[in-house]
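Colleague: In terms of the working numbering, the sequence shown opens at residue 164 and continues consecutively.
Glycine included, C-beta positions come from ideal geometry on N, C-alpha and C.
First, the structure itself, so that you have it in front of you.
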Amino acid sequence: MCLTIVTRNIRTKTLNRIEQAVKANADEDRPNIITKRVSTDESFIRKTRRESVPRPPPSSNDPSYKSNCAICGKITKNKNHKKHRISECDRAQKFINATVHFQDDVYTRVCDLEDSASIFGANILYHNDCMRAYLRTYDRSIQMKDQQKCQSERHKTFHHILQEIKPGLKSGYGHSLSTIRDLCNQLLDHGCKLLENREIKLLLINYFGTEINLAYPTEANKSALVYMENCTKEDMANIIRSMDPI
């Protein structure tokens, strides 16, 4: 009887020790399992980022992405793939006029287009910077050409008036700068810049040189009088007396 009780107690104590040992081992192994799981997840994330491929630009599906610009002839301009279409009649006509004016590579690309409707039908694509620079250069070229044309017209008008007043100057008659200026400006086109007294003075000096003189009045609101060098004061006085006997 006593032996059975002792054996039972020993067995119970042994089982309790085994259970405590199992619990202790379980508590010690649990952090290791969590650590291994976390480390495995991190390595998976790092591996995924390392092997990832760069995402293509969002405009790659756009048909205009790989199309050439009608002006520069390239796909990209300053690393920019974005292109636009001409959608305004005024802009289309100005683009055609610019190509005809320059007769360059752009004209070669679009020489078969004659009006704005053909521009719209051809689906012309361009970089915004290219079109802006191209039209700005066209405007500057047209403006310079108009200035040269206007300057030539002004000189031509001056020489025409000069042929009319030249006989009178040689005969001793004088003309004011304002009179010559008004005669020239009456013949100029409306788009040309009008001549001024100082320009008339320079043109006369360049043409006659030292043969011409200028007499400046004391009144500030009156222009200078132009007369020839070979005309003496007595001749001028006689001409004045014949025009104004008083």
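To which residues does DSSP link Leu-388 through a beta bridge?
Modeller: The residue you call residue 388 lines up with position 225 of the sequence shown. Answer is Ser-339 and Ala-378.
Colleague: Counting only the same chain and skipping the five closest in sequence on each side, list residues whose C-beta sits under 7 angstroms from that of Lys-333.
Modeller: Reading the sequence shown from its first residue, position 170 is the one you call residue 333. Closer than 7 angstroms at Cβ, skipping near neighbours: Met-391.
Colleague: State the DSSP-derived secondary structure class of His-318, mapped to helix, strand or coil.
Modeller: Your numbering for residue 318 matches position 155 in the sequence shown. His-318: helix per DSSP, three-state reduction.
Colleague: Relative to the C-alpha of Ser-257, which residue among Lys-229, Met-294, Lys-245 and Gln-314 is closest?
Modeller: Taking the sequence shown and counting its residues from 1, one reaches residue 257 at position 94. For the record, residue 257 in the displayed sequence is Lys; it is not Ser. Checking every option, the nearest Cα to that of Lys-257 belongs to Met-294.
Colleague: Out of curiosity, what's the CA-to-CA distance linking Asp-410 and Leu-357?
Modeller: Shown here, the chain extends from 164 to 409; a query on residue 410 therefore has no answer.
Colleague: Would you kindly work out how many angstroms separate the C-alpha atoms of Ile-197 and Glu-182, rounded to a whole number?
Modeller: The residue labelled residue 197 in the question sits at position 34 within the sequence shown. The residue labelled residue 182 in the question sits at position 19 within the sequence shown. Per-residue confidence for Ile-197 stands at a pLDDT of 45, beneath the threshold of 50, marking its modelled position as unreliable; the derived number appears in the next sentence. C-alpha separation (whole angstroms): 23 angstroms.
Colleague: Sorted by chain position, which residues of the same chain lie with C-beta nearer than 7 angstroms to Leu-276's C-beta, five sequence neighbours on each side aside?
Modeller: Sequence index remark: in the sequence shown, residue 276 carries index 113 (1-based). Only Ile-259, Ile-282 and Ala-285 meet the Cβ criterion.
Colleague: Taking Asp-309 as the reference, which of Cys-355, Lys-319, Glu-362 and Thr-342 has the closest Cα?
Modeller: What you label residue 309 is simply residue 146 of the sequence shown in a count that begins at 1. It is Cys-355.
Colleague: Does the pairing of the segment 322-341 with the segment 296-305 give three or more beta-carbon distances under 8 angstroms?
Modeller: Too few Cβ pairs lie closer than 8 angstroms, so no.
Colleague: Would you call the CB atoms of Val-389 and Leu-325 closer than 8 angstroms?
Modeller: In the sequence shown, counting from the first residue as 1, residue 389 sits at position 226. In the sequence shown, counting from the first residue as 1, residue 325 sits at position 162. No. Outside cutoff.
Colleague: Measuring CB to CB, does Asn-243 end up less than 8 angstroms from His-318?
Modeller: What you label residue 243 is simply residue 80 of the sequence shown in a count that begins at 1. What you label residue 318 is simply residue 155 of the sequence shown in a count that begins at 1. It is not a contact, given that the beta carbons lie outside the stated cut-off.
Colleague: Closest to Asp-292 by CA distance: which of Ser-250, Lys-245 and Ala-255 is it?
Modeller: Here the question's residue 292 lines up with position 129 in the sequence shown. Among Ser-250, Lys-245 and Ala-255, the Cα nearest to that of Asp-292 is on Lys-245.
Colleague: Apart from the five residues just before and just after Leu-288, which ones in its own chain have a Cβ nearer than 8 angstroms to its Cβ?
Modeller: Stepping through the sequence shown from its first residue, residue 288 is reached at position 125. So the list reads Ser-227, Ser-230, Asn-231, Cys-232, Ala-233, Lys-246, His-247 and Arg-248, once near-sequence residues are dropped.
Colleague: In chain order, what residues of the same chain lie with their CB nearer than 6 angstroms to the CB of Ala-378, ignoring the 5 residues before and after it?
Modeller: Residue 378 sits at position 215 when you count from the first residue of the sequence shown. The answer, listed in chain order, is Leu-388.
Colleague: Ile-363 and Arg-344 - do their beta-carbons sit closer together than 8 angstroms?
Modeller: Position 181 of the sequence shown holds residue 344. Position 200 of the sequence shown holds residue 363. Result yes, Cβ atoms of Arg-344 and Ile-363 sit closer than 8 angstroms.
Colleague: Alpha carbon to alpha carbon, how far is Ser-315 from Ser-304?
Modeller: Mapped onto the sequence shown, residue 315 falls at position 152. Mapped onto the sequence shown, residue 304 falls at position 141. Ser-315 and Ser-304: Cα-Cα distance of roughly 17 angstroms.
Colleague: Whose C-alpha, out of Asn-179, Gln-306 and Pro-330, is nearest the C-alpha of His-264?
Modeller: In the sequence shown, residue 264 corresponds to position 101, counting from 1. Here the closest residue by C-alpha is Gln-306.
Colleague: Can you give me the start and stop residues for the alpha helix (DSSP H) that Gly-284 sits inside?
Modeller: Translated into positions along the sequence shown, residue 284 becomes position 121. Element bounds for Gly-284: 279-285.
Colleague: Could you tell me the distance, in whole angstroms, from the CA atom of Asn-348 to the CA atom of Gly-236?
Modeller: Numbered from 1 along the sequence shown, position 185 holds the residue referred to as residue 348. Numbered from 1 along the sequence shown, position 73 holds the residue referred to as residue 236. Computed Cα separation, rounded: 47 angstroms.
Colleague: Let me check one thing: in DSSP terms, what residues is Tyr-289 bridge-paired to?
Modeller: For the purposes of this step, residue 289 is taken as the residue at position 126 of the sequence shown. His-247.
Colleague: If you draw a straight line from the alpha carbon of Ala-383 to that of Thr-262, how long is it in whole angstroms?
Modeller: Along the sequence shown, read from residue 1 onward, the residue named residue 383 stands at position 220. Along the sequence shown, read from residue 1 onward, the residue named residue 262 stands at position 99. Answer to the nearest angstrom: the Cα atoms are 52 angstroms apart.
Colleague: Whole angstroms are fine: how far does the CA of Thr-320 sit from the CA of Glu-327?
Modeller: By one-based count along the sequence shown, residue 327 stands at place 164. By one-based count along the sequence shown, residue 320 stands at place 157. Going from the Cα of Glu-327 to the Cα of Thr-320 covers about 11 angstroms.
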